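First up is the structure itself, then whatever we jot down about it.
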Amino acid sequence: MADLDAAWTRLEVAAKAAGEKRIVEMFDAEPGRLTALTLDVAGLHIDLSKQAWDEAGLEAALDLAHAADVEGARARMLAGEPINGSE
0 MADLDAAWTR LEVAAKAAGE KRIVEMFDAE PGRLTALTLD VAGLHIDLSK QAWDEAGLEA
60 ALDLAHAADV EGARARMLAG EPINGSE
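Note that the sequence shown covers residues 0 to 86 in numbering that gives the first Met the number 0.
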């Protein structure tokens, strides 16, 4: 649980820092932003570069997903296991 709390805190800190910047400033500070935050997946072109997050924020979000075991929950869901005991 401490890892999850720490991951939330890192994401909150990263979000606050990114929220204090304009997106145009992020493009200036991160020359590879467009390439790094653009994905072509399953026939979709997804451009995340114009969202108000920087690399630290994205890494913090991914760390939170890892700490929360999102991949494990997905695997359990796809295996047909119950994942929400409150329903």
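The beta carbon of each residue, even a glycine, is placed where N, CA and C say it ideally should be.
Owing to the predicted nature of the structure, the values given are computational and were not obtained by experimental measurement.
Quick check on residue i: does DSSP put it in helix, strand or coil?
| i | result |
| --- | --- |
| L36 | coil |
| G18 | helix |
| E86 | coil |
| G71 | helix |
| E29 | coil |
Taking DSSP's pairing of strands, which residues face residue i in a bridge?
| i | result |
| --- | --- |
| D53 | DSSP output for D53 lists no bridge partner at all. |
| I45 | L38 |
Looking at chain B, is there any beta carbon in it that lies within less than 8 Å of the beta carbon of residue i?
| i | result |
| --- | --- |
| R21 | This model lacks chain B altogether, as it is built from one protein chain only. |
Excluding the 5 residues preceding and the 5 following residue i in the sequence, name in chain order all residues of the same chain whose CB lies nearer than 7 Å to its CB.
| i | result |
| --- | --- |
| D62 | A6 and R9 |
Cα separation between residue i and residue j?
| i | j | result |
| --- | --- | --- |
| G79 | E86 | 15 Å |
| A60 | V69 | 11 Å |
| E58 | L43 | 22 Å |
| T37 | W52 | 13 Å |
| G56 | D2 | 17 Å |
What residues in its chain sit with their C-beta under 6 Å from that of residue i, if we drop five residues either side in the sequence?
| i | result |
| --- | --- |
| D46 | T37 |
Touch test, the stretch 64–84 against the stretch 20–32, Cβ-Cβ under 8 Å, three pairs minimum: Contact fails: fewer than three Cβ-Cβ distances are below 8 Å.
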